[in-house]
Structures are given as structure tokens and as C-alpha cells.
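Colleague: Residue numbers (our numbering), protein chains in the order written: chain U, 1 to 285; chain Y, 1001 to 1285.
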DNA sequence: TGCGGCGATACCGTGCGGGTATGGAAAGAC
DNA sequence: GTCTTTCCATACCCGCACGGTATCGCCGCA
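1. Which of helix, strand or coil does DSSP assign to residue 1113 of chain Y?
2. In terms of DSSP beta bridges, what is residue 161 of chain U paired with?
3. How far does the beta strand (DSSP E) with residue 167 of chain U in it extend, from its first residue to its last?
4. Mind checking if residue 1151 of chain Y is an interface residue toward chain U, Cβ cutoff 9 angstroms exclusive?
5. Applying the criterion that 16 or more other CB atoms from any shown protein chain within 10 Å of the CB defines a buried residue, is residue 169 of chain U buried or exposed?
6. Identify each residue in the segment 84-115 of chain U for which the Cβ-Cβ distance to at least one residue of chain Y is less than 7 angstroms, and report them in chain order.
7. Near residue 1245 of chain Y, what residues of its chain come up, given a Cβ to Cβ distance below 8 angstroms and the 5 sequence neighbours on each side ignored?
8. I'd like to know whether the C-beta of residue 1158 of chain Y is nearer than 9 angstroms to at least one C-beta of chain U.
9. Threshold first: 4 residues or longer. Then list the alpha helix (DSSP H) segments lying entirely within the segment 61-98 of chain U, N to C.
10. Within 9 angstroms (strictly less), CB to CB, does residue 1270 of chain Y reach chain U?
11. Taking the C-alpha atoms as reference points, what is the distance between residue 264 of chain U and residue 1110 of chain Y?
12. Is it right to say residue 190 of chain U is buried, meaning 16 or more other beta carbons lie within 10 angstroms of its own, or is it exposed?
13. Does residue 133 of chain U pass the burial test, meaning 16 or more other C-beta atoms within 10 Å, or should it be called exposed?
14. What number of angstroms, rounded off, separates the C-alpha of residue 1114 of chain Y from the C-alpha of residue 1276 of chain Y?
15. The beta strand (DSSP E) with residue 1244 of chain Y in it runs from where to where?
16. Return the chain-ordered list of same chain residues with a C-beta closer than 7 angstroms to the C-beta of residue 1203 of chain Y, the five sequence neighbours on each side being excluded.
17. Measuring alpha carbon to alpha carbon, tell me which residue in Y:1123, Y:1219, Y:1004, Y:1247 is nearest residue 79 of chain U.
18. Is any beta-carbon of chain Y found at less than 9 angstroms from that of residue 66 of chain U?
19. Which value, in whole angstroms, describes the spacing of the CA atoms of residue 200 of chain U and residue 249 of chain U?
20. Cβ of residue 79 of chain U less than 9 angstroms from any chain Y Cβ?
21. Short of 8 angstroms in beta carbon distance, which residues of its chain neighbour residue 1273 of chain Y, apart from the five on each side in sequence? Order them along the chain.
22. Got a sec: is the Cβ-Cβ distance from residue 339 of chain U to anything in chain Y below 9 angstroms?
23. Using a Cβ cut-off of 8 angstroms, which residues of the segment 13-24 of chain U contact any Cβ in chain Y, in chain order?
24. To the nearest angstrom, how far is it from the Cα of residue 176 of chain U to the Cα of residue 1070 of chain Y?
25. For residue 1188 of chain Y, which of Y:1217, Y:1225, Y:1156 has the nearest alpha-carbon?
26. Identify each residue in the segment 32-51 of chain U for which the Cβ-Cβ distance to at least one residue of chain Y is less than 8 angstroms, and report them in chain order.
27. Note down, in chain order, every chain U residue with its Cβ under 9 angstroms from the Cβ of residue 1262 of chain Y.
28. Report the three-state DSSP secondary structure of residue 148 of chain U (helix, strand or coil).
29. Just how far apart, CA to CA, sit residue 252 of chain U and residue 164 of chain U?
30. For the structure I just gave you, are there three or more beta carbon pairs, one from the segment 1037-1055 of chain Y and one from the segment 82-92 of chain U, closer than 8 angstroms?
31. Please list, in chain order, all residues of the same chain as residue 93 of chain U whose beta carbon is under 6 angstroms from its beta carbon, the five residues on each side excluded.
32. Give the residues of chain U in contact with residue 1227 of chain Y, contact being defined as C-beta atoms less than 7 angstroms apart.
33. Using the C-alpha atoms, what's the distance from residue 1235 of chain Y back to residue 1173 of chain Y?
34. Report the residues of the segment 237-261 of chain U with a CB closer than 8 angstroms to any CB of chain Y, ordered along the chain.
35. Is any beta-carbon of chain U found at less than 9 angstroms from that of residue 1082 of chain Y?
36. Is the segment 1009-1020 of chain Y touching the segment 1058-1078 of chain Y in the sense that three or more CB pairs, one from each, lie closer than 8 angstroms?
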């Protein structure tokens, strides 16, 4: 069985994405002829036609589309491998946890305390990021992340549910819905909703928002409204009001980490988080 | 960022598994010096020590252990990529479904019929295999598999539940438990249970069993007993008896396929299977 | 102190990955 | 129709990196 090399996959994805040998070569900072030959050789070794060369356009074959998708997973795995290896060799081991600012459901302090009490606990480094936080896990840049389900893509990750939350509509005090005791999603017709960086802008084409302070500021300025998990209630400014949304699907705060992870530090962290979450839901409701 | 090459990962896994450069080189069908240099270069490029060379033994460092695990996933992904690409280019497209003989819960004929009625259905090729059936999915050798949950490792696979089944103890008619109307797991103390190839022989160190006929034969010969999903009831020989096991965790027949799969033929098959399963549980209970 | 095992080093050849120059086919422009 | 442009393939060349052989150096051991 012929072996597939990373270099070939990099070349192929470039061509498959550009559908143009010249541009792909430029992107790869090389010239076009060796690129053409590399792709030909790849096709010969696989015994498969990957591209249809029309004299004026290049198109993917069925098999080429499959290889494009597969290549991405291989390349992602390869760069994650490099990053995780490097991180494992650091002199100051630490657990990198990526969160959305304000998106911890109020559980984080208790979780961190519980974790530090575990034997062999590492210092925890918090990384704040909006949108695409799971990417950091897949890329091997972080050990764990706090996400909200339903979430676009949790495949390849293991998860632990922490907290089920209802959702609140956040509006300025002067907003037409501010006085309501409850609203439903239909009431939001015509409102501008924020667009998270990286999220496929499904319908809501409001401005991109990069952190919670910015978002609340924009809401106060009447530029938009937002539907957020109920735990942000503590962090609202005085000039904003939160109203329960009846028919918004409830959201679950989950702790996620790359599957196959074996680090005992991570395992301890997951244990700690699960314990804290169990207490919270068991006692407090 | 330096790129990690497949060749290097192959070399490294060989050394990491053998913990011996000479043997690793032999396994790779090359000589020892270039292998040593390749590993050194890998370490230099990563900036990480992967191996501790004692003059008489080689050991993995912490980072080396991480890279070994990561390498396996990269290499698996790479060979799966090659196989899936080749399969996608076949002139006679077909859907490869891997099953455990007798493990289809009786649903398979209906599923196949429903699938063939879907638009764009492909011929279905059935592959029978005991143990490690999910490996065939990960390797890109099959499109879908029928498995039973709880299952050792479903990560990296998407699944669709098909049928919840209670478990039955299968024994010869002359067995001491054959007359019971129900048993519990404690009753099985001292009995020999089959060991599936590939499964970590957890406690039960009986003989390895490779197909259902063989298993039933061995049970009839009083060499072992087995706990199996209730749908095998139809396939029992006259000289065997099935007794419900009260406290065995119920098992779920699931259809599994590689995550990120995009083939419309597979999607149609999943739809068909889900429809049949819905009917079965909806009407029949 | 000689021996054997094993990884590292020195040195060498060749094949492959990359470059430049050019060919050749197809799609407009007129 | 033919001239031009565009873009992929081919021809040919070069340097290096990969793999091989020979050997060293270190250490455990008898």
C-alpha cells in the first residue's frame, strides 16, 4: 500500500480549494510545474483521478471531493499532534481552559477551587475567546473548553454536561419589550441580533461582536438585542433588562475536551467540574 | 511552523513501539543510521526531546508518549483517507455495511428493503465480522456498521439508535439454569463466557469465538454460556435455551458511520434504517 | 581488559523535489 | 479564421535530502 504524504495532501488541498494550479502554486509559494507533477504523481499512486482538467477550468471529481475532506482531517490531526507534543514538553505544565467571557454560568470559581484541591492539579490558564472555541481544542491549543450545547460541531470531542440554563432576552430598559414578563421568539421579528465571529451568519446579519462588554454596550446603544443563557443576569449593566424567552431551546453548559485525551490533570479537572455541577443541580435546582 | 511529515511519524511510532532503533529499522526495512538521524531531526524541528537514550535502553519521554498517541491518529486518518478516496472512485459504487452475523436484531431485511426504495440507492455489500467491527469504519473499509451499545469506543463515529434489546442467557437445555424463568448476573459466577477477538478479555478468559454458529456449538457442548441480545432467540438451536437476565444492562443496536461522512447514499441508508427502527419501536414495542 | 551490543557520526551516491523554459490546447477578440 | 491570452503539461536541469556502508564511542559484562 502506497503511503500518502502530508506534503502531497497540502498541495492537493491548495489545488482543490483554488481550482487553479497557478493560484494554488502561488499560495504554496512555489511554481506551477512541480505542483502539477506532484498532483499527477498522487493520482498515479492512488490510481484515482482527483481532478478534471478542462483547458480553462479545473474541477474536482467525486473521489477528489472525498480526498479533500479527508485531507483536512489528516492535516488538522497532524498540526494538532505537533502542538500537543510541544505543549506536553513545556517546563511549566499547565491546563489551558478556554472560556467565553461571561459564559461560565457562574460555576467557574467553584470548579477551579475544587480542581486545585485534587491531587496533582496543575495551574490553570484561562483563555478567553468568542466563537469557534472548539477549534482551539481541535488544534491542540487548549486542553478543555466551556461551550454551550446545542453547538455546531462537537464531533471529535468528549463532553461533560455541567448546567442546563434557560435563555433570556437582553434589551435596553427603554426597549418596547423591556416591560414584558416573558417573550417568545416571534416577538423578535425585525430585531438585529449579534453575529459571532466564525459562526455561519444564519439570518442575523448584525455587526460582528467580539466580547461581552462590547455586546452589552451595543445593546445599550439600541443597535441590537441578544438572547443569552440566564447566568449572564449577574453581569448586566443597570441600563439593560433581561426577559425570559419562552420558546427558546434551553441551553446546556458543557465541558469539552479532545477525545482520546489521557492526561491525568485533565481527568482530574473533569472530575472536579462534574462534582461541582452535580452539587449545583442537586442542591440548588 | 514546521510541518510534520507522515514518513517521520511512521519512523517515530516504530521506534516508540520497539524502544530499540535496530529492531525498529528492521521493521521499517531500512538500516539504523538514517532512522536515528530522522528521529534526531524530528526532535530538533519540534524542539522537544521524544526519547531518553540510555546506553542500553531507550525510553519515551512524556512528550514522546503524547506524540506516539497523536501519531497513531494521524496515520490512521491518512490510511483511511487513501482507502476512502479509492473506494469513492470505484466504477461500481456500493455501500459496504459490516454486521455481526446474527447481530442485526431482525431488522436488516426491512432496512435493506426500505433503503432500496430510496432514490439513488446503491447495491449494499454485507461484510460479516466478529469483534472490532468499528475498526473497519475507522480504516475506511466500510461505510456503516451495526454495533451494540454500550460499546468500547464509539468516538469518531456518528450513530443512530435502532433498537433497545434486553439480554438473554443462552445455555444448553440440560444446564442447571435452563429451567429458570429469569436469572441475574450473580447466578453466572463460575461459568465460562466467550471472549471476542479484539475485545480486552475482561475477566472472562474463555476460548476465543469467531462466529455465532461456533459459539452456539460450544454452548451446546457445555464449554461455555453466553449473554446475548434478545433478538438471537430466533436463531437458537433446539438444544439451547434462553433465559432473561434481569440485571444485565439493556443493549442498544446502533447504526454507526464515520463522522463527517457526506455521501448521499449513506445518508439515505441512515434515513431508511431510522424509519424502519421507528416503525418497529412505534408499532411493535 | 577485551568483547559485544547499540546508538551516533562520517561520508558517499542517487533519486526526488523544486526551478526555468517551452509546448500545446482551448477560449475569446476582431 | 487567426491572433492572443490563458493555463496546464512536458522537457530538462540542479541541489539536497534521504538512504546506504563503514566506523566510532560508550557502556555493561565476563
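Cβ atoms here follow ideal geometry from the backbone N, Cα and C, with glycine treated the same way. If you're wondering where the values come from, they're calculated on a predicted model, not measured in any experiment.
Modeller: According to the structure data:
1. In this structure, DSSP gives residue 1113 of chain Y a helical state, which the three-state scheme calls helix.
2. The beta-bridge partner set that DSSP reports for residue 161 of chain U consists of U:254.
3. Where residue 167 of chain U is concerned, the enclosing beta strand (DSSP E) stretches over 167-172.
4. No, residue 1151 of chain Y does not count as interfacial toward chain U.
5. Buried, by the Cβ-count rule.
6. Here the close residues are 84, 85, 86, 88, 89.
7. Closer than 8 angstroms at the Cβ level, and outside the excluded window around residue 1245 of chain Y, lie 1166, 1167, 1168, 1169, 1182, 1183, 1184, 1185, 1227.
8. Chain U, which has a Cβ nearer than 9 angstroms to the Cβ of residue 1158 of chain Y, makes this yes.
9. The qualifying runs are 62-88.
10. No, residue 1270 of chain Y does not count as interfacial toward chain U.
11. Taking the straight line joining both Cα atoms gives about 46 angstroms.
12. With fewer than 16 other beta carbons inside 10 angstroms of its own, residue 190 of chain U counts as exposed.
13. It is buried - the Cβ of residue 133 of chain U has at least 16 other Cβ atoms within 10 Å.
14. So the alpha carbons of these two residues sit roughly 7 angstroms apart.
15. From DSSP, the beta strand (DSSP E) with residue 1244 of chain Y extends over 1240-1244.
16. Summary for residue 1203 of chain Y: the model assigns pLDDT 46, below 50, so the residue's position carries little reliability, and this model does not support an answer.
17. Checked all of Y:1123, Y:1219, Y:1004, Y:1247; the closest Cα to residue 79 of chain U is Y:1004.
18. Judged by the 9 angstroms Cβ criterion, residue 66 of chain U is in contact with chain Y.
19. Any reading at residue 200 of chain U must be qualified, since the residue scores a pLDDT of 49, below 50, and its modelled position is unreliable; the value itself is stated next. Residue 200 of chain U and residue 249 of chain U: Cα-Cα distance of roughly 19 angstroms.
20. Output row for residue 79 of chain U: interface = yes.
21. Once the five neighbours on either side are set aside, the close Cβ partners of residue 1273 of chain Y are 1107, 1111, 1114, 1115, 1160, 1162, 1255.
22. Outside the displayed range of chain U (1 to 285) lies residue 339 of chain U, so it cannot be described from this structure.
23. Hits within the stretch: zero.
24. Approximately 54 angstroms between the Cα atoms of the pair.
25. If we check each option's Cα against that of residue 1188 of chain Y, Y:1225 comes out closest.
26. Answer set for the segment 32-51 of chain U: 46, 47, 48, 49, 50.
27. The contacting residues are 65, 66, 69.
28. Assignment of residue 148 of chain U by DSSP, reduced to helix, strand and coil, places it in the strand class.
29. For the pair residue 252 of chain U and residue 164 of chain U, the Cα-to-Cα distance works out to about 4 angstroms.
30. Per the Cβ contact rule, the segment 1037-1055 of chain Y is in contact with the segment 82-92 of chain U (3 or more Cβ pairs under 8 angstroms).
31. If you ignore the 5 residues before and after residue 93 of chain U, its C-beta comes within less than 6 angstroms of the C-beta of 122, all in its own chain and listed in chain order.
32. Near residue 1227 of chain Y there are no residues of chain U at all, since even the closest Cβ is about 28 angstroms away, more than 7 angstroms.
33. The straight-line gap from Cα to Cα measures roughly 15 angstroms.
34. Identification of residues in the segment 237-261 of chain U having a C-beta nearer than 8 angstroms to some C-beta of chain Y yields 259, 260, given in sequence order.
35. Yes, its Cβ sits closer than 9 angstroms to a Cβ of chain U.
36. With a cut-off of 8 angstroms, the segment 1009-1020 of chain Y and the segment 1058-1078 of chain Y count as touching, because enough Cβ pairs lie within range.
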